[in-house]
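Worksheet for the structure shown next.
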Amino acid sequence: CKAFTELPTPDSKKSIQTLNEMLTSLSRFVAKSAQHALPLFKLLRKEAAFEWTEECEQALQHLKKVLSEPPVLSRPDEEEVLYLYLAVASEAVSATLIRETTEGQKPICFTSKALQGPENRYQLIEKVALALVNAARRLRHYFLGHTIVVRTDQPIKSLLDRPDMAGKMLKWSLKLSEFDIHYESRKVLKAQVLANFVAEMTHPATPTDGADKWTIFVNGASSPTGAGARFI
Numbered sequence: 001c002k003a004f005t006e007l008p009t010p011d012s013k014k015s016i017q018t019l020n021e022m023l024t025s026l027s028r029f030v031a032k033s034a035q036h037a038l039p040l041f042k043l044l045r046k047e048a049a050f051e052w053t054e055e056c057e058q059a060l061q062h063l064k065k066v067l068s069e070p071p072v073l074s075r076p077d078e079e080e081v082l083y084l085y086l087a088v089a090s091e092a093v094s095a096t097l098i099r100e101t102t103e104g105q106k107p108i109c110f111t112s113k114a115l116q117g118p119e120n121r122y123q124l125i126e127k128v129a130l131a132l133v134n135a136a137r138r139l140r141h142y143f144l145g146h147t148i149v150v151r152t153d154q155p156i157k158s159l160l161d162r163p164d165m166a167g168k169m170l171k172w173s174l175k176l177s178e179f180d181i182h183y184e185s186r187k188v189l190k191a192q193v194l195a196n197f198v199a200e201m202t203h204p205a206t207p208t209d210g211a212d213k214w215t216i217f218v219n220g221a222s223s224p225t226g227a228g229a230r231f232i
């Protein structure tokens, strides 16, 4: 962590790659690391020219601040029931695995994933499911050795249990079926480091500004026995 906090301001894509590699190894200490590091990740795109902006500087300083006082991660007992919280942002999904102890809630690990390509167009509930799938992949050893209780207000269990699943949802359901996963309503996170994780979890309403409304023109071709329509 100290090496990261002492990094100079990047001045090239190569230095951003070095920063990214360090952050990847430290991401388990940082809630929503992919979300906070997005301005830095975008500089790595092939079509992007290197330009260190104020947004990049703010992202780097935030990550340095978090890693200057990293949370103490807890180690679960054998076969202990663990709890997973999921978070969705516009361009990233995240999860935090915690344990409930007599001393309060303790973080075990944080995971985060920047959305790519078609993932950005997923519906909210699909992004929540993706956050779970990503957590199961990254924290597989915990999922195999423990019962995992997913605390969410989104009906992802009913989505993953639908008999008519196909495509990615069927693939995700099969991946998750090897684990002992249960679901319950989200509860309040009491520890401050965990409360910070869900502070931005409120999902914005879908905008309805009318920008995507369509106007359909018809020629009146209808009769008492039927009607038809054609789109061009």
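At position 7 of the sequence shown the residue is numbered 7 (full-length UniProt numbering), and the sequence of numbers has no breaks. Backbone N, C-alpha and C fix where the C-beta goes; we use that ideal spot for every residue, glycine too. Given the structure is predicted, the values throughout are model-derived calculations rather than measurements.
A straight-line Cα-Cα distance of about 12 Å links His62 and Leu23. Per DSSP, Arg121 lies in no alpha helix (DSSP H) segment and is marked neither H nor E.
Residue pairing by DSSP puts Ile148 in a beta bridge opposite Leu82, Ile181.
When secondary structure is reduced to three states using DSSP, Leu43 falls in the helix class. Phe4 and Ala34 have their C-alpha atoms some 16 Å from each other. With contacts defined by Cβ atoms closer than 7 Å, Arg140 and Arg186 do not form a contacting pair. At the C-beta level, Ala131 and Ala95 come within 7 Å of one another. Contact between the stretch 101-112 and the stretch 69-81 is present: 3 or more CB-CB pairs across the two stretches fall below 8 Å. A residue is called buried once 16 or more other Cβ atoms fall within 10 Å of its Cβ, and His146 is buried on that count. Per DSSP, reduced to three states, the secondary structure at Glu51 is coil, with no helix or strand assignment. Contact annotation: the stretch 114-128 touches the stretch 148-168, with at least three C-beta pairs closer than 8 Å. For Ser112, the enclosing beta strand (DSSP E) covers residues 104-114. With contacts defined as CB atoms closer than 7 Å, Ala59 and Leu40 qualify as a contacting pair. Here Val88 has Lys127, Val128 as same chain residues with Cβ atoms under 6 Å from its own Cβ, once five neighbours each way along the sequence are excluded. Just measuring C-alpha positions, the residue of Tyr85, Pro163, Leu38, Thr9 sitting nearest Thr111 is Tyr85.
Distance from the CA of Lys42 to the CA of Thr102, rounded to the nearest whole angstrom, comes to 42 Å.
In this structure, DSSP gives Glu100 an extended state, which the three-state scheme calls strand.
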